[in-house]
Structure formats: structure tokens, C-alpha cells
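**Student:** In this note's numbering, the protein residues as written are 115 to 298.
A virtual CB, placed ideally from N, CA and C, is assigned to each residue, including glycine.
Computed from a predicted structure; not experimentally measured.
Structure in C-alpha cells, see below.
As C-alpha cells, then:
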């Protein structure tokens with residue numbers, strides 16, 4: 115079994131701006147275990163534990179979906195948090211609503227049913243996870259990011275990837291298995 119997810123990769127220059135904005139507020143805060151830069155992406159579909167023999171079929175299906183799509187623009191626009199029981203659990207940067215992205219995720223959901231993956235019941239909320247709260251962080255200081263107005267961060271969605279996720283004591287490790295370019 116292999117743990118998989120499908121993600122939209124974000125251009126390096128866009129990530130750099132997000133991290134710079136974060137740094138303006140939290141630059142000297144060493145107690146925070148941020149998600150590493152190379153792990154920042156937008157999860158389109160979490161597949162979870164998958165039989166090894168399905169990986170190639172999933173990859174081929176994803177390639178077909180990407181080939182029939184056109185490039186589209188996205189815009190990161192705000193910091194936010196997901197809470198559990200009132201406590202912040204995940205700090206993220208979110209995006210302006212995109213009909214195209216929602217439709218693309220719906221296509222993935224529909225297509226992957228044939229591999230036994232149920233459709234996600236929760237509404238798709240595209241975001242980039244910056245931090246998973248583990249306790250001990252200066253929560254009050256971190257939440258100051260929610261007041262930050264991000265500069266316009268538009269980018270063209272160009273690359274969709276299938277990732278393997280391994281859970282280790284130090285945290286999850288992501289390995290790109292296949293990537294597909296969104297062409298004109």
C-alpha cells in the first residue's frame with residue numbers, strides 16, 4: 115500500500131511572496147515548526163492508502179484529465195485557520211474562488227470513483243497549509259497573520275502532480291511520483 119494525494123503545484127515566486135509576508139510578522143519566532151517550502155501545494159484530492167497496482171492507472175487517469183484542461187489563473191488572497199473545538203489546528207493561505215478549479219476537482223472526484231475512492235462530501239476549500247498547530251506555539255502572535263492583507267498573488271495553474279506521502283516521526287515526507295503540465 116502507498117499513501118497518495120493529487121496536488122496543484124504553486125510557482126516558486128508566489129510561495130516566496132507568501133513566506134515574505136509571513137516573515138514580516140513572525141520572522142524571529144523560532145518555536146514554530148512551519149511546513150517546509152517544498153511541501154507547499156494545494157491538495158486537490160487525498161487518496162490515502164492505495165494498492166500499488168492502482169498507481170499507474172490513477173496516474174494515467176490524472177494525465178487524461180490534465181490534458182483536456184486549459185491553463186487558468188488563480189489568486190491567493192488571505193491567511194486563515196481551520197479550527198477544531200475552537201482551537202486553531204491549521205494555518206493556511208487561501209484563494210479567491212475559482213469556478214475552473216472547483217470544476218476540475220469535481221472531474222477528479224468523478225473520475226476516481228472507478229478506483230473505489232468515494233467522493234469528498236465536504237465543500238472543496240482550496241488552501242496551502244503553512245502550519246499545523248502542535249501546541250506550544252505563540253498562537254496569539256501567529257493569528258496576527260489573519261489581519262495581513264496579502265498583495266495580489268495571481269498565477270497560472272500549470273502543474274498537477276501525484277504525490278506519495280510517508281508518515282514519519284519527524285512529520286510527513288512527500289515524494290512526487292508523476293507530474294503533468296497544463297498546456298495551452
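1) Give me, in chain order, the residues of the same chain whose beta-carbon lies closer than 6 Å to that of residue 241; leave out the 5 immediate sequence neighbours on both sides.
2) Report all residues from its chain with a CB closer than 7 Å to the CB of residue 223; omit the five preceding and five following residues, and keep chain order.
3) From what residue to what residue does the beta strand (DSSP E) around residue 220 run?
4) What does a CB cutoff of less than 7 Å around residue 185 pick up in its chain, not counting 5 residues either side in sequence?
5) In angstroms, rounded to a whole number, what distance separates the CA positions of residue 304 and residue 203?
6) What alpha helix (DSSP H) runs, 4 residues minimum, are completely inside the stretch 120-208?
7) Tell whether a beta-carbon distance below 8 Å holds between residue 151 and residue 133.
8) Residue 287: buried (16+ other C-beta within 10 angstroms of its C-beta) or exposed?
9) Pull up the distance between the alpha-carbon of residue 124 and that of residue 131, whole angstroms please.
10) In whole angstroms, give me the CA-to-CA distance for residue 169 and residue 178.
11) Kindly give me the distance between the Cβ atoms of residue 129 and residue 154, rounded to whole angstroms, as I take these residues to be in contact under 8 Å.
12) Quick check: the stretch 252-262 against the stretch 277-286, are at least 3 beta-carbon pairs closer than 8 Å?
13) At a threshold of 7 Å, does residue 249 count as lining the ligand FMN (C-beta to nearest heavy atom)?
14) Straight-line CA distance for residue 236 to residue 146?
15) Is it right to say residue 229 is buried, meaning 16 or more other beta carbons lie within 10 angstroms of its own, or is it exposed?
**Tutor:** Taking the definition as stated:
1) 206, 208
2) 159, 233, 234
3) Residue 220 -> not in any beta strand (DSSP E); alpha helix (DSSP H) instead, spanning 213-226.
4) 270, 271, 272, 296, 298
5) An answer regarding residue 304 cannot be provided, because it is not within the stretch 115 to 298 covered by the chain.
6) 126-140, 169-181
7) yes
8) exposed
9) 12 Å
10) 14 Å
11) 5 Å
12) no
13) The ligand FMN is absent from the structure shown, which contains no ligands of any kind.
14) 29 Å
15) exposed
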